[in-house]
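Q: Numbered per this note's numbering, the sequence shown spans residues 978 to 1111.
Once you've had a glance at the structure underneath, I'll fire off some questions.
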Amino acid sequence: MKVYLALGSNLGDRLGYILKALDLLSEFLYIERLSTVYESAPWGLTGQPPFLNLVVRASYRGLPNELLLKLLKVEKRVGRKRRTKWGPREIDIDLLLFGNEVINTKLLTVPHPYLKERDFFLYPLLEIDKELKD
């Protein structure tokens, strides 16, 4: 299944956290393409450092909820500490798209509910896959 993930970091060694996450993701994903790394202002909660963001296109074999659990484990292994909603973070991994599936459960919403509202999702996503219009 083709999946798209967004990675972001705005604490400490931002690029280092992203690179470590990519290394861990490659244990269960076949990473096909990476966007440019972008620096962006925080979204939702101002007064925090800027983020580094990128989008990953990858292939995954498994169920969406299984992937979500694996992403949360990667965040923890990289060193994420859960604090304030939309607050600063060592690493954040968002599942943007899971093939063409539409999922709306208590734990997972795909496509990502803020996909069309966040430039730091849209620009890198369209950079690596111009076919994604809607």
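Each residue gets a CB set at the ideal place from its N, CA and C atoms; glycine is no exception.
Taking the alpha-carbon of residue 1095 as reference, which of 1056, 978 and 1071 has the nearest alpha-carbon?
A: It is 1071.
Q: Please confirm whether residue 1041 and residue 1004 have their CB atoms less than 8 Å apart.
A: It is not a contact, given that the beta carbons lie outside the stated cut-off.
Q: Bridge partners for residue 1034 per DSSP, in chain order?
A: Partner(s): 981 and 1010.
Q: Looking at chain D, is there any beta carbon in it that lies within less than 8 Å of the beta carbon of residue 1085?
A: Within the model displayed, chain D is absent; a lone protein chain is all it includes.
Q: Looking only at its chain, what residues have a beta carbon closer than 7 Å to the beta carbon of residue 991, apart from the 5 residues adjacent to it on each side?
A: For residue 991, where only same-chain residues beyond five positions count, the Cβ hits under 7 Å are 1029.
Q: Taking C-alpha atoms, which residue in 1013, 1020, 979 and 1001 lies nearest to residue 1066?
A: The candidate whose alpha carbon is nearest that of residue 1066 is 1020.
Q: With DSSP as the reference, identify every bridge partner of residue 986, one or two as the case may be.
A: Residue 986 pairs with 1029.
Q: Looking only at its own chain, which residues have a Cβ that is under 6 Å from the Cβ of residue 1074, when we skip the five neighbours before and after it?
A: Excluding sequence neighbours, residue 1074 sits near 981 and 1088.
Q: Locate the beta strand (DSSP E) running through residue 1073, then write down its first and last residues.
A: It spans 1069-1075 - the beta strand (DSSP E) in which residue 1073 sits, taken as one unbroken run.
Q: Looking only at its own chain, which residues have a Cβ that is under 8 Å from the Cβ of residue 1036, when we skip the five neighbours before and after it?
A: Excluding sequence neighbours, residue 1036 sits near 978, 979, 980, 1006, 1007 and 1009.
Q: Spatial neighbours of residue 1086 within its chain, please: CB distance less than 7 Å, with the 5 preceding and 5 following residues excluded, ordered by chain position.
A: Only 1080 meet the Cβ criterion.
Q: Could you work out which residue in 1047, 1043, 1054 and 1044 is closest to residue 996 when comparing CA atoms only?
A: Here the closest residue by C-alpha is 1054.
Q: How big is the Cα-Cα spacing for residue 984 and residue 1047?
A: Roughly 14 Å between the two C-alpha positions.
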